[in-house]
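*Asks:* Below you'll find the structure I mean.
2 protein chains.
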Amino acid sequence: MITPSETWLEQLHDNGYRITAARRAVVDTVFGSTHALTPSEVFDTARKKYRALGLVTVYRTLEKLEELHLIQRVHQPLGCQAFISAGHGHQHLLLCQQCGQVEFFEGDDLDALTKSIARKTGYQIQEHWLQLFGLCANCHS
Amino acid sequence: MITPSETWLEQLHDNGYRITAARRAVVDTVFGSTHALTPSEVFDTARKKYRALGLVTVYRTLEKLEELHLIQRVHQPLGCQAFISAGHGHQHLLLCQQCGQVEFFEGDDLDALTKSIARKTGYQIQEHWLQLFGLCANCHS
DNA sequence: ATAATAATTGAAAATGATTTTCATTAAGGA
DNA sequence: TCCTTAATGAAAATCATTTTCAATTATTAT
Numbered sequence: 001m002i003t004p005s006e007t008w009l010e011q012l013h014d015n016g017y018r019i020t021a022a023r024r025a026v027v028d029t030v031f032g033s034t035h036a037l038t039p040s041e042v043f044d045t046a047r048k049k050y051r052a053l054g055l056v057t058v059y060r061t062l063e064k065l066e067e068l069h070l071i072q073r074v075h076q077p078l079g080c081q082a083f084i085s086a087g088h089g090h091q092h093l094l095l096c097q098q099c100g101q102v103e104f105f106e107g108d109d110l111d112a113l114t115k116s117i118a119r120k121t122g123y124q125i126q127e128h129w130l131q132l133f134g135l136c137a138n139c140h141s
Numbered sequence: 001m002i003t004p005s006e007t008w009l010e011q012l013h014d015n016g017y018r019i020t021a022a023r024r025a026v027v028d029t030v031f032g033s034t035h036a037l038t039p040s041e042v043f044d045t046a047r048k049k050y051r052a053l054g055l056v057t058v059y060r061t062l063e064k065l066e067e068l069h070l071i072q073r074v075h076q077p078l079g080c081q082a083f084i085s086a087g088h089g090h091q092h093l094l095l096c097q098q099c100g101q102v103e104f105f106e107g108d109d110l111d112a113l114t115k116s117i118a119r120k121t122g123y124q125i126q127e128h129w130l131q132l133f134g135l136c137a138n139c140h141s
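These protein sequences, in sequence, are chains A and B.
With our numbering, you'll find the first sequence wraps up at 141, consecutive numbering, no jumps.
With our numbering, you'll find the second sequence wraps up at 141, consecutive numbering, no jumps.
Below, the structure written as structure tokens:
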């Protein structure tokens, strides 16, 4: 854990956003979760910490956390509404199809591939997404 | 073009689905498009070929084409509702961020990476997604 | 500490995408 | 051609997300 959840609040503050009970509840819920959470799942969990929370505030807070690159959207075959703490630097995703756990891994081995594709296709490549799907150690044993 | 659009109709037929004017219009629209199309875009275009078409039928036809692996959903930062003809065999996507053109490329160079990640993480990896984003030859020149 | 201010809130309404329902139509095998 | 049943489009229902708005509250200046 490089970034404590307090840092997310600081980052919000440093960017001119206010620290509120609602935002604390959302941050505490999303930060450190090993599973990608949908707005509605965040709402259900965060409301246990702050009863008066509104779903709209969850959407708005997630939007800001994403804007600050503290969280990122996770794309999956069944849906693309879930978010997870962002990896540091450029990272790729590893998802367990059984339990939904998400891990990051590095892998800049793609440079060669990228260059080769650029040469073959004439594309000027700017970005890439790589995700691996499978079963985590727990789920396949 | 390995698969003519007629083949899509045959495939529908072989799987017990009927060939209708509505489905012809949708198939003719999606087949061979170089851009991923949303259901609503398919509707607008296909309706020029078959006026009475309903949006619901577009959704239902896309669902069947996806089920038969003739088309696939395209995930992008701005949305994941668009579809494009599926590549043959396992292919990866290359997307132009300017004009939206989609191309496929092969690249099983990932085997080494995949095995290495499996070893490091304990995951049993079953599938992967790789997408490159950039500017196509036309758009960056 | 207090007051002033401007951002933030939750509820409700609005929007947009997708799915379901249902009575009608039409494909395609007999 | 007839019959069965899948497929259709319209409308309603559902679900996710965004907007509106008046009330609240965090922060700044006093």
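We put the CB at the ideal spot given by N, CA and C, even for glycine.
Keep in mind that this is a model prediction, so the values were computed, not measured.
1) Count the other C-beta atoms from every protein chain shown that fall within 10 angstroms of the C-beta of A/GLU103, then say buried if there are 16 or more, exposed otherwise.
2) Please tell me whether A/GLY79 and A/HIS92 are closer than 7 Å, where the distance is taken between their beta carbons.
3) Counting only runs that start and end within the segment 29–76 of chain A, where is the alpha helix (DSSP H) found for 4 or more residues in a row?
4) Please determine if the segment 10–17 of chain B and the segment 66–77 of chain B are in contact, where contact requires at least 3 C-beta pairs separated by less than 8 Å.
5) How far does the alpha helix (DSSP H) with A/ALA118 in it reach, from first residue to last?
6) Roughly how many whole angstroms lie between the Cα atoms of B/SER141 and B/THR34?
7) Can you tell me whether DSSP reads A/GLN126 as helix, strand or coil?
8) With DSSP as the reference, identify every bridge partner of A/CYS96, one or two as the case may be.
9) Indicate whether at least one CB of chain B lies closer than 7 Å to the CB of A/GLU63.
10) Check whether the Cβ atoms of A/TYR50 and A/ALA25 lie closer than 7 Å to each other.
11) Checking the sheet assignment: what are the DSSP bridge partners for B/SER85?
12) Using beta carbons (cut-off 7 Å, strictly below), is B/ILE19 in contact with chain A?
13) Pull up the DSSP beta-bridge partners for B/VAL102, would you.
14) Select from A/PHE105, A/VAL27, A/ALA21, A/THR114 the residue whose C-alpha is nearest the C-alpha of A/GLY89.
15) For the segment 116–132 of chain B, list every residue whose C-beta sits within 9 Å of some C-beta in chain A, in sequence order.
16) Would you please state the rounded distance, in angstroms, between the beta carbons of A/GLN98 and A/LEU132? I believe it to be under 8 Å.
17) Quick one: what's got a C-beta closer than 8 Å to B/THR114's C-beta in the same chain, skipping five residues either side?
18) Please state the DSSP three-state secondary structure of B/CYS139.
19) Give me, in chain order, the residues of the same chain whose beta-carbon lies closer than 8 Å to that of B/VAL74; leave out the 5 immediate sequence neighbours on both sides.
20) On the DSSP bridge list, what partners appear for B/GLY79?
21) If you follow the alpha helix (DSSP H) that B/THR7 is in, where does it begin and where does it stop?
22) Could you tell me whether any Cβ in chain A is nearer than 7 Å to the Cβ of B/ASP14?
*Replies:* Checking against the coordinates, here is how it stands:
1) buried
2) no
3) 39–49, 55–67
4) yes
5) 110–121
6) 19 Å
7) strand
8) A/GLY134
9) no
10) yes
11) B/ILE71
12) no
13) B/LEU95
14) A/PHE105
15) SER116, ILE117, ALA118, LYS120, THR121, GLY122, TYR123, GLN124, ILE125, GLN126, GLU127, HIS128, TRP129, LEU130, GLN131, LEU132
16) Their Cβ separation, rounded to whole angstroms, is 14 Å, which puts A/GLN98 and A/LEU132 out of contact at 8 Å.
17) ILE125, HIS128
18) coil
19) ALA36, CYS80, ALA82, PHE83, ILE84, LEU93, LEU95, VAL102
20) B/GLN76
21) 5–14
22) no
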